[in-house]
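S.K.:
2 protein chains.
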Amino acid sequence: MTSATGERRGGNGRAGRDPYDLAAVLDIATAAFNEFGYEATSMGVLAERLGTSKSAIYYHVTSKEDLLRLALDRALGELERVLEQEGATTGKADARLRFVVRGAVRVLVDDLPYVTLLLRLRGNSAVEREALERRREFDHAVARLVDEARDEGSLRADIDARTTTRLLFGMINSIVEWYRPGGPLTPDQLADDVISVAFDGVARA
Amino acid sequence: MTSATGERRGGNGRAGRDPYDLAAVLDIATAAFNEFGYEATSMGVLAERLGTSKSAIYYHVTSKEDLLRLALDRALGELERVLEQEGATTGKADARLRFVVRGAVRVLVDDLPYVTLLLRLRGNSAVEREALERRREFDHAVARLVDEARDEGSLRADIDARTTTRLLFGMINSIVEWYRPGGPLTPDQLADDVISVAFDGVARA
């Protein structure tokens, strides 16, 4: 997992005056955006939740929109990274698709609040529309993998490729609505279950 | 499809003074709730969209919350009706489960805005919490069907019944995010595709 921290931290002398780093601010902001909605969340509320002042937040970012952009970038960056890994770029399309589905489930579980924020976007601002555009590019990359897997004969061909991709990601994305980390269902078991149900269905073979 | 109209319409003499019936008001209100969010939608905005006055809306309902309650009741009522039909109550559990999945897809498509509203609820008020409770009861009924279908040997038993139900409904519910009525994918074809992918998976058998 990467964090969006970095450029504006670092000086040791700052530790006393800046107890909360950007990663912590982003965590709190993302949780609040998910709970109250982005519009309804004020910088004052974020400061209160962090137990700090608004100026301590402005030390890291220039605006609330900046926080939204960084939070969405985190979710999108992780998803895009899955596509760049060797498992997603070499081998049979079927294996690459399974790798990407598994990787997407992992990102979703590891960065649950961030992906939740991404999936609930409506495109109300330039920042949101830009994020939706990146998400569409990710979806298209997966759709191309589905096409390739169909062409090689690994996937059923009686269902439209677009519908297949949407049902597949509908199932995966729904995880943000019910999965609770730390429960009896481990991330690895969840990924296994998703792969099993998505590729082979719920019926007994 | 039932409508929530009835009790307060009817007198022929009213036609001139009441051009919009409750069904039309509910359609407009549900669309606005989905577009702007329930909190952000005022009765004034609804009146404007209907090209009428607020008092014309208050002729049908006593409050905005009343509209929300009626809209949610329509989606829930239709879903609950699926469970009461003969296909859902008699025969093998596997066939009953498929009947309910197909019926849920149809309700979702036929009442898309209403089900969208239901699925996006957060439980911010008594009306929302009551609707969520009814939705949970529906989900539990489906979960019991999944259990029965596993017990009779129709469904795979290597995945937790709860996870199976959630992935199944994650796939179905995601339809509200991408399906557009009137496009090339007909409701019947969509229902067939959902049944195929959910029960048999996307992999070539």
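Here the protein sequences come in this chain order: W and A. The numbering of the first sequence is the UniProt record's numbering, which starts it at 1 and goes up by one. The numbering of the second sequence is the UniProt record's numbering, which starts it at 1 and goes up by one. Glycine included, each C-beta is placed from N, C-alpha and C at the ideal position. Keep in mind it's a predicted model, so treat the numbers as computed, not measured.
1. Expressed to the nearest angstrom, what Euclidean distance is found between the alpha-carbon atoms of residue 221 of chain A and A:L70?
2. For A:A203, which residues does DSSP report across the bridge?
3. Is the separation between the beta-carbon of A:V25 and that of A:L112 shorter than 8 Å?
4. Any beta carbon of chain A sitting closer than 8 Å to that of W:F199?
5. Does any residue of chain A bring its CB to less than 8 Å from the CB of W:T163?
6. Taking 8 Å as the cut-off, decide whether the C-beta atoms of A:L108 and A:I172 are in contact.
7. If you follow the alpha helix (DSSP H) that W:V101 is part of, which residue opens it and which one closes it?
8. Is W:V109 close to chain A, meaning its C-beta is less than 8 Å from at least one C-beta of that chain?
9. Going straight from the alpha carbon of W:A56 to that of W:F33, what length do you get?
10. When the distance is taken between beta carbons, is A:V197 closer than 8 Å to W:T164?
11. Quick check on the burial criterion: 16 or more other C-beta atoms within 10 angstroms. Buried or exposed for A:S174?
12. Would A:G170 pass as an interface residue toward chain W - the criterion being a Cβ-Cβ separation below 8 Å?
13. If you follow the alpha helix (DSSP H) that A:R81 is in, where does it begin and where does it stop?
14. For A:E152, collect the residues of the same chain with a Cβ closer than 6 Å to its Cβ; drop the 5 residues on either side in sequence, then sort them by chain order.
15. Run through DSSP, which three-state label would W:H60 get?
16. Can you give the beta carbon distance from W:V202 to A:R156, rounded, assuming they're within the 8 Å contact cut?
17. Are the Cβ atoms of W:R81 and W:G87 separated by less than 8 Å?
18. Can you give me the Cβ contacts of A:A205 inside the same chain, cut-off strictly under 8 Å, excluding the 5 residues immediately before and after it?
M.R.: The short version:
1. Outside the displayed range of chain A (1 to 205) lies residue 221 of chain A, so it cannot be described from this structure.
2. Beta-bridge partners of A:A203 (DSSP): W:L155.
3. Not in contact: A:V25 and A:L112 (Cβ atoms no closer than 8 Å).
4. At least one CB atom of chain A sits nearer than 8 Å to the CB of W:F199.
5. W:T163 counts as touching chain A.
6. Against a cut-off of 8 Å, the Cβ pair of A:I172 and A:L108 comes out as a contact.
7. Per DSSP, W:V101 belongs to the alpha helix (DSSP H) from 93 to 110.
8. Under the Cβ distance rule, W:V109 does not count among the residues neighbouring chain A, no pair being separated by less than 8 Å.
9. Straight through space, the alpha carbons of W:F33 and W:A56 are spaced by roughly 19 Å.
10. Their beta carbons are under 8 Å apart, which means W:T164 touches A:V197 by this criterion.
11. Flag for A:S174 reads buried.
12. Residue contact with chain W for A:G170: present (Cβ-Cβ distance below 8 Å to some residue of chain W).
13. Where A:R81 is concerned, the enclosing alpha helix (DSSP H) starts and stops at 64 to 84.
14. Within the same chain, A:E152 has close Cβ partners A93.
15. Coil.
16. That belief holds up - the Cβ atoms of W:V202 and A:R156 are roughly 6 Å apart, short of 8 Å.
17. Going by C-beta atoms, W:R81 is not nearer than 8 Å to W:G87.
18. By the criterion of a C-beta distance shorter than 8 Å, A:A205 is surrounded by no residue of its chain, once the five residues flanking it on both sides are discounted.
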